[in-house]
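Following: one structure in structure tokens, then a few remarks.
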Amino acid sequence: MLIYEADCVRSLDNLKYIDNLQENLRNERYVDQVSGVVDLLKRANGGTLPSSGAEIDAIIGQAPPEMVERMLPSDLMTNSLINLEAGVTMDTQKQVLNNIRSVIAISEPPPGLTVTVSGNPAFAQEMGEAMGSETGLLILVAMILMVLAVTFLFSHVRYRLLPVGIVAVGLIMTFGFMGLFGIPISMVVVGAFPVLIGIGIDYAIQLHARFDEEIRSKTIAEAVRATITQMGPSVLIAMSATALGFIAMFFAPVPMVADFGMVCTIGVVSCYIAALIIVPAFAILTNYRPKKEAPASGAPENGLSLLERYDRLLGRLAYTVAKYPLPVILLFAVVAAGGFYLDQSVPISADEKTFVPDDMPALQNLEKVTRTMGQISTIPVIVNADDVLSPETLAWIDQFGVYEQEHNDKITGVTSIATLIREYNGGVLPSTEREVDNVTARIPEESLQRYLNGNLEAVLEFSTVDMEMSVARDLVGRIQGDVAWNNPPAGVTVKITGSMEMFAAVMDDIDESRVYMTVLGFAFIFGFLVLVYRKFSAVSPVIPIVFIVGWNGAIMYLLGLDYTPLTAVLGSMTIGVASEYTILIMERCEEELARGMEFLDAVQTAVQKIGTAITVSGLTTVFGFSALTFSTFNIISNFGIVTVISVGFSLVGAIVVMPAILALTYRLSGRSRAIAAAGMTE
């Protein structure tokens with residue numbers, strides 16, 4: 284749509300300009316039709332524009348009011364509708380939009396007349412461009428926050444900023460693979476990069492921290508070997524589980540969500556490879572030496588750094604939780620159950636206009652049209668038949684429109700080829716095909732084109748009240764049911780289209796896919812852990828993740844947030860992030876048990892060693908996700924808020940819930956003698 288604005292848009296100079304511009308646009312490739320008020324004036328004046336204002340006023344006064352309202356809502360504004368050829372791709376639409384803007388730029392409009400390109404394609408193009416320009420800023424902010432987090436939280440090791448460089452390499456690799464696979468930048472894909480920064484930093488921190496631990500008692504070669512052989516496989520298993528959580532998104536019906544899953548999968552693999560290669564290579568090249576530990580003085584706690592005190596706190600917490608696991612599990616399970624219940628009440632939003640900044644020019648242009656022409660809420664219904672102008676088909680179209688208007692208070696009016704023919708036939712429908720032909724011959728071509736496409740396709744358009752998307756979704760579903768109830772004639776097919784139907788379909792996809800992706804993610808990780816460890820107790824890392832997904836539902840409800848194409852990935856993304864933390868805790872616990880430690884001591888050591896590293900990486904992840912909250916796009920900033928909280932939940936699940944789950948599974952598997960013995964000595 285082109286919007287023309289001036290003090291008087293129907294002045295002769297302005298109308299001549301609009302006429303010439305429309306003729307030029309009709310010559311553009313992929314443009315099927317261009318129509319506007321000048322076509323109405325020319326048709327009523329023998330094919331030429333009127334030569335005086337009086338003639339223009341007379342023609343407009345005789346035209347159908349609804350047509351004038353649509354084409355000339357006021358003396359200050361008019362519009363031209365541009366229809367593209369059927370089946371034009373989004374990339375081609377962008378090309379056509381750029382060509383239209385070029386034609387307008389060289390067209391020299393009269394003084395005082397402004398021409399604005401508006402409509403959904405222009406809105407989508409500007410939204411994509413704005414997101415693309417914001418991507419770099421978000422990544423830069425995430426990297427700065429990550430540097431700050433690592434500087435303060437990872438200060439006990441030498442070369443504390445090494446993980447930042449590793450993540451940067453991983454991101455560069457990810458960008459390269461995105462270009463190789465042709466993955467476009469979208470609002471959902473933008474959200475993947477802070478995710479990758481957060482997860483990638485964890486791989487780097489885990490390997491760096493383990494190497495720093497090993498180098499204190501070994502040579503560089505021995506420390507490298509121990510890090511790669513002990514920590515490498517553990518992180519690989521955790522990374523594989525994380526990737527499986529993201530791979531579940533490949534099966535989402537929303538393409539952007541599938542792209543998000545693909546980018547995250549590529550990114551975590553790239554970051555893992557970068558960490559596995561760079562940490563040992565950097566240590567060898569720099570002849571790595573650990574920082575000296577500060578000597579203790581006085582009381583045992585004196586002289587310890589804040590991080591060392593945190594280590595001991597985590598150890599004591601894990602020991603206590605593992606000793607009394609049932610109360611902890613029951614408490615968090617009840618909260619999770621409440622979250623799953625509340626999750627069913629979280630609304631779903633698919634309206635792109637609510638995702639973007641209020642001051643985005645394309646959105647303001649759309650709102651300008653709405654303010655001038657009124658709120659336009661319609662549901663188009665396409666009717667296909669061998670002959671949509673047959674009296675039988677016209678009668679059904681008319682009857683169905685009346686039925687919907689009488690039985691649904693959300694529908695305020697109905698227009699169709701049947702109502703148009705009735706209007707030009709004295710209020711009644713023709714009863715024979717000849718009468719239909721005679722009536723349609725008297726109807727202006729632009730009016731027929733709105734409701735008729737040859738003899739095979741007709742449009743039935745319902746006007747509705749302005750309503751929330753969830754209500755519109757229910758309305759579309761009800762109309763679909765009413766179509767079958769009203770028994771269309773043989774050979775007649777009916778399909779609901781338009782933005783409401785599209786948004787309703789997207790909402791259904793979001794609703795179905797978020798549950799499907801979450802369940803599929805759990806199934807993938809469950810099967811993977813059983814395959815790797817070959818014992819049922821190895822699935823224990825999944826249990827805290829189930830709790831975390833439930834907590835996510837509760838926080839979504841309590842914060843009043845909606846499920847969008849971006850937050851729909853929260854469940855499977857949480858599975859991917861949290862599985863890494865819980866698997867690493869379990870792996871380290873198994874490693875300590877293999878060295879002959881008692882169970883409670885093994886849990887304490889595992890959480891004390893791994894818990895600190897995942898806390899550092901988790902908080903760094905939080906800092907990375909915090910960059911999303913700076914986005915001007917509501918959909919991205921809200922996603923940032925939720926994921927920051929979700930990562931916090933993942934830390935709680937790994938550090939607090941996982942020791943309790945390990946204790947319970949060890950008791951149930953008959954390996955509880957160490958626990959009982961340790962408990963008797965207390």
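The opening position of the sequence shown corresponds to residue 284 in our numbering, with each subsequent residue numbered one higher.
Built from N, CA and C at the ideal position, the CB exists for glycine as well.
Task: Own chain partners of Y313 with C-beta closer than 7 Å, once the 5 adjacent residues on each side are dropped - done: L367, E368, V371, T375 and V379
Task: Assigned exposure category for H491 - 16 Cβ within 10 Å defines buried - done: buried
Open item on the list: Quick check on the DSSP output: what are the complete alpha helix (DSSP H) runs of length 4 or more inside the segment 730-805, in order along the chain?
Closed with: 752-768
TODO: Have a look at E288 and V321 and give me their C-alpha separation to the nearest angstrom.
DONE: 15 Å
Task: Minimum length 4: unbroken alpha helix (DSSP H) runs contained in the segment 595-642 - done: 608-626
Task: Nearest-angstrom Cβ-Cβ length linking T915 and S823, presumed shorter than 8 Å - done: Actually they are not in contact, since the Cβ atoms of T915 and S823 sit about 42 Å apart, beyond 8 Å.
Open item on the list: Rounding to the nearest angstrom, what Cα-Cα distance links Y300 and L646 in this structure?
Closed with: 26 Å
Open item on the list: Strictly by DSSP, which residues pair up with I286?
Closed with: N362 and T399
Open item on the list: Rounding to the nearest angstrom, what Cα-Cα distance links P772 and F683 in this structure?
Closed with: 12 Å
Task: Collapsed DSSP secondary structure at I726 in the structure displayed - done: coil
Task: Whole-number beta carbon distance between T434 and L444, since they are thought to touch under 8 Å - done: 7 Å
Open item on the list: On the criterion of 16 or more Cβ atoms from any shown chain inside 10 Å, does D340 qualify as buried, or is it exposed?
Closed with: exposed
- [ ] Please classify F811: is it buried, with 16 or more other beta-carbons within 10 angstroms of its beta-carbon, or exposed?
- [x] buried
TODO: For M856, decide whether its Cβ has a neighbour in chain B, counting only Cβ atoms nearer than 8 Å.
DONE: The structure shown has no chain B; it contains just one protein chain.
Open item on the list: If I measure Cβ to Cβ from I967 and keep anything under 6 Å in the same chain, skipping five residues before and after, which residues do I get?
Closed with: The requested residue 967 does not occur in the structure, where the chain is confined to residues 284 to 965.
Task: C-beta atoms of I808 and S855 nearer than 8 Å - done: no
Open item on the list: Between which residues of its own chain and P942 is the CB-CB distance below 7 Å, once the five residues before and five after are set aside?
Closed with: A601, V604, A605, V886 and V890
Task: 7 Å Cβ shell around K325 - same chain, five flanking residues per side excluded - done: T331 and L332
Open item on the list: At the level of alpha carbons, what is the spacing between Y486 and C547?
Closed with: 14 Å
Open item on the list: I'd like the span of the beta strand (DSSP E) that includes G319, first residue to last.
Closed with: V314 to G319
- [ ] Report yes or no: do the segment 549-564 and the segment 890-902 share at least 3 C-beta pairs separated by less than 8 Å?
- [x] no
TODO: Please report how far the alpha carbon of A531 lies from the alpha carbon of V537, in whole angstroms.
DONE: 13 Å
- [ ] Express the C-alpha separation of V697 and E687 in angstroms, rounding to a whole number.
- [x] 9 Å
Task: Alpha-carbon to alpha-carbon, E591 and L431 - done: 20 Å
- [ ] Give the secondary structure of V292 by DSSP, where H, G and I count as helix, E and B as strand, and everything else as coil.
- [x] coil
Task: Per-residue DSSP class, three states only, for L444 - done: coil
TODO: Return helix, strand or coil for Y571, following the three-state DSSP convention.
DONE: coil
Open item on the list: Between L308 and V317, how many whole angstroms is the CB-CB distance? I'm expecting something under 8 Å.
Closed with: 5 Å
Open item on the list: Would V551 and A526 be called neighbours here (beta carbons separated by less than 8 Å)?
Closed with: yes
Open item on the list: Measuring straight from C-alpha to C-alpha, what distance separates A315 and P404?
Closed with: It is Asp, not Ala, that sits at residue 315 in the sequence shown. D315 and P404: Cα-Cα distance of roughly 15 Å.
- [ ] Would you mind reading off the limits of the beta strand (DSSP E) that contains N667?
- [x] T661 to N667
- [ ] Give the straight-line distance between the Cα atoms of N708 and V722, rounded to the nearest whole angstrom.
- [x] 7 Å
Open item on the list: When you compare the CB positions of N297 and L396, do they come within less than 8 Å of one another, or not?
Closed with: yes
Task: Inter-stretch contact at 8 Å, needing at least 3 Cβ pairs: the segment 827-837 / the segment 615-630 - done: yes
Task: From V666, F494 and D626, residue whose alpha carbon lies closest to that of P573 - done: F494
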